[in-house]
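Residue numbers (our numbering), protein chains in the order written: chain A, 8 to 361; chain B, 242 to 551.
Cβ coordinates follow ideal geometry from the N, Cα and C atoms, glycine included.
For clarity, every value in this text was computed on a predicted model and none was experimentally measured.
Structure (structure tokens):
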């Protein structure tokens, strides 16, 4: 007989094991989907998860995609830990890219060591400004941050669209919806000759270290944790709730904005319509898969980055639509949430002898 | 200046047509939320409904199968959400987001073979009255059955919640699941059913888009309407009649951009397209500012998991 028993305390070991279980279940379900679509499941999974990262170019692409995911997810974990549902990171990324891109365009015909730091700073500020809208509306007008941050994603993409076809479009660009190329001084340096991986990865790693320190070594980290468990307790303890809401939104906006800078000053080098393949949304999954833990997020961002590459490879070699990537991402989150059941409940096998 | 009264009638008609998917999805989500469940997967369920309806219409050739198939697809996809949140007690917000991401991916995967295929004509009712009365006729006559259903739905929903026993049970489960449970009501079952019903209505809303409103399949064709539908539920303060008002306002904002462009108003098109989203934010702020009113009208257990030890 099987009996389900509630655990007295959530299991610590299972807390870090369930993400692995979720990834395994996603692979099984993914194989099943490929089988239904008429492909050999193991071959398809190989094309999806192994072929794309088998050479050094592939590995560089993996890090390239994991960088923004990791950076945004780190920022989001500040929000999610403290019970703030910022799901508009995609908008904060876009707005950060707009502000930093605008600054980079001011210097389009100049070179100088000071340009890149200004551009990066502008991106962080842009992301913070954009994230401050849902934060301020939540704290002072009691407005639902989920809906506001999400609506702002659409608005940011339309602002970007307006700028690249209108006032910021390249005067010598034959009316293509794109800006001028940024000058070399506004570009993040490449790490290796011939590979696209760029110095933006250090921004992500810095974010990992800093966030780890804040989460586990500071009073602020403790306050966030308490507020996440119970807002009432946080209030009772006298924490300044409003200040914290604004702070976590600003941090998460800055991270998303930096991810935007990384994209436009890294691989892209200008502004155009498609600066992000929904990194801001996918990073939500990364944050959960990494258990809102900075080190966990590094691993999670690598795993989820493969779904982007795998989708591209599978499209080229097997004509599987690239949206399979999103299907896999959705499934990972489903399975992760489902396996969390094991955190709180034990399945006991009891002999039926009496 | 002579204003053509028939022209105004036509504008109102087009506003109503663009309000239909919002009304359907919002009324469905409203029932789900009234039972205490926050399902953020509206956008995902709508897009699944859109592709299912369109694909079934092309494959089977039957509009009836297509419409009901889309609703069934909405039910099936929402079953995942129901199982996770109700049986495995997962977080509503995260599960709903997963549903949206998953739904958009799956719909694009299925829809790959249906891009660029023209849709079919959907039959309209009362066609012969279309020119009978100036102004009123285009508003009242010559629409699809889904259109009429959508405009009846808020009133039906209101009646259901306020005047029927099952409606009372739904509200009880949403406002106080513990007392409802003590009264012998199966809270989990009620929530399951409300989630599946929401899925069916979102599926229908999607099918309206791909089969009637713009009869074709375009990737991501719901374009954020699911999120606006969610916002409308807050806007309505969980009152179905107000959903009607809200949906007309947002439908109006969508339509007005076409007419402004036609008249030659020199505002960037992107600003007009952004207008519904910006207005949604402003409206949410105005509605939510009065925190006492929001607290009184929000289902008390909204978004909170219910677990009963037995």
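Enclosing alpha helix (DSSP H) for residue 253 of chain B [first to last residue]: 246-275
Per-residue DSSP class, three states only, for residue 333 of chain B: Reduced to three states, the DSSP call for residue 333 of chain B is helix.
Taking only three categories from DSSP, how would you classify residue 43 of chain A? helix
Which residue comes first and which comes last in the beta strand (DSSP E) that contains residue 353 of chain A? In the DSSP assignment, residue 353 of chain A falls within the beta strand (DSSP E) that extends over 352-356.
Using the Cα positions of residue 303 of chain B and residue 52 of chain A, report the straight-line distance between them to the nearest angstrom. 36 Å
Pick helix, strand or coil for residue 242 of chain A, following the three-state DSSP scheme. helix
Alpha carbon to alpha carbon, what distance is there between residue 465 of chain B and residue 445 of chain B? 16 Å
Where residue 500 of chain B sits in the DSSP three-state scheme: helix
Specify, as a first and last residue, the run of the alpha helix (DSSP H) that residue 377 of chain A falls within. Not covered by the structure: residue 377 of chain A. The range shown for chain A is 8 to 361.
In its own chain, which residues sit with a C-beta less than 7 Å from the C-beta of residue 106 of chain A, not counting the 5 before and 5 after it? Cβ within range, chain order: 129, 130, 132, 133.
Given residue 145 of chain A as reference, the closest of A:160, A:92, A:109 once Cα atoms are compared: A:92
Under a three-way DSSP split, which group does residue 468 of chain B fall into? Secondary structure of residue 468 of chain B (DSSP, three-state): helix.
Across which residues does DSSP place residue 13 of chain A in a beta bridge pair? A:352
Let me check understanding here. Comparing Cα to Cα, which of B:415, B:508, B:549 lies closest to residue 274 of chain B? For residue 274 of chain B, the nearest C-alpha among the options comes from B:415.
Would a C-beta distance cut-off of 9 Å place residue 256 of chain A and residue 73 of chain A closer than the cut-off? no
Assuming the contact rule is C-beta atoms closer than 8 Å, residue 344 of chain A and residue 495 of chain B should be a hit. Round their C-beta distance to whole Å, please. So it is not a contact: roughly 34 Å between Cβ atoms.
Extent of the continuous alpha helix (DSSP H) run through residue 389 of chain B: Note, residue 389 of chain B: alpha helix (DSSP H), 386-404.
Which parts of the stretch 148-211 of chain A are runs of the alpha helix (DSSP H), unbroken and 4 residues or longer, counting only runs that do not cross its ends? Runs of the alpha helix (DSSP H) inside the stretch 148-211 of chain A: 152-172.
In chain order, each beta strand (DSSP E) run of at least 3 residues that lies wholly inside the stretch 299-381 of chain B: At a cut-off of 3 residues, not a single continuous stretch assigned as beta strand (DSSP E) sits fully inside the stretch 299-381 of chain B.
Considering Cα atoms alone, identify which of B:514, B:510, B:439, B:459 is closest to residue 349 of chain B. Closest option to residue 349 of chain B, Cα to Cα, is B:459.
Local conformation of residue 361 of chain A per DSSP, three classes: Unreliable positioning characterises residue 361 of chain A in this predicted model, as indicated by a pLDDT of 43, which lies under 50. The coordinate reading is nonetheless provided below. It is coil, neither helix nor strand.
Spell out the partners DSSP gives residue 458 of chain B in its beta bridges. B:356
Kindly list, in the order they appear in chain B, the residues whose Cβ is closer than 7 Å to that of residue 202 of chain A. None at all; the shortest Cβ gap to chain B is about 29 Å.
Since residue 82 of chain A and residue 267 of chain A should fall inside the 8 Å C-beta cutoff, what is the C-beta to C-beta distance between them, to a whole number of angstroms? Between residue 267 of chain A and residue 82 of chain A the Cβ distance is about 12 Å, and since that is not below 8 Å, they are no contact.
Mind listing which residues of the stretch 336-347 of chain A have their C-beta closer than 8 Å to chain B's C-betas, in chain order? 336, 337, 338, 340, 341, 344, 345, 347
How about residue 242 of chain B: is its C-beta nearer than 9 Å to some C-beta of chain A? Since pLDDT at residue 242 of chain B reaches only 49, below the 50 mark, its modelled position is unreliable, and the value read off the structure follows with that caveat. Closer than 9 Å: no.
Work out the CA separation of residue 152 of chain A and residue 168 of chain A for me, nearest whole Å. 24 Å
CB contact check: residue 350 of chain B to chain A, cutoff 9 Å: yes
Neighbouring residues, chain B, relative to residue 65 of chain A (Cβ below 9 Å): Result: empty, since nearest Cβ-Cβ is about 23 Å, beyond 9 Å.
From the beta carbon of residue 35 of chain A, is the nearest beta carbon of chain B less than 9 Å away? no
Quick one: does residue 525 of chain B have its CB under 9 Å from some CB of chain D? You won't find chain D in this structure, because its protein chains are A and B.
Roughly how many angstroms lie between the CA atoms of residue 361 of chain A and residue 10 of chain A, to the nearest whole one? In this prediction, residue 361 of chain A has a pLDDT of 43, which is less than 50 and means its spatial position is unreliable; what the coordinates show is noted afterwards. Each residue's Cα considered, the two are about 15 Å apart.
Outcome for residue 540 of chain B when other beta-carbon atoms lying within 10 angstroms are tallied against a minimum of 16: buried
Out of B:467, B:512, B:548, which one is the CA nearest neighbour of residue 284 of chain B? Per the Cα distances, B:467.
Measure from the C-beta of residue 292 of chain A to each C-beta in chain B and report whether the shortest distance is under 9 Å. At a cut-off of 9 Å between beta carbons, residue 292 of chain A contacts chain B.
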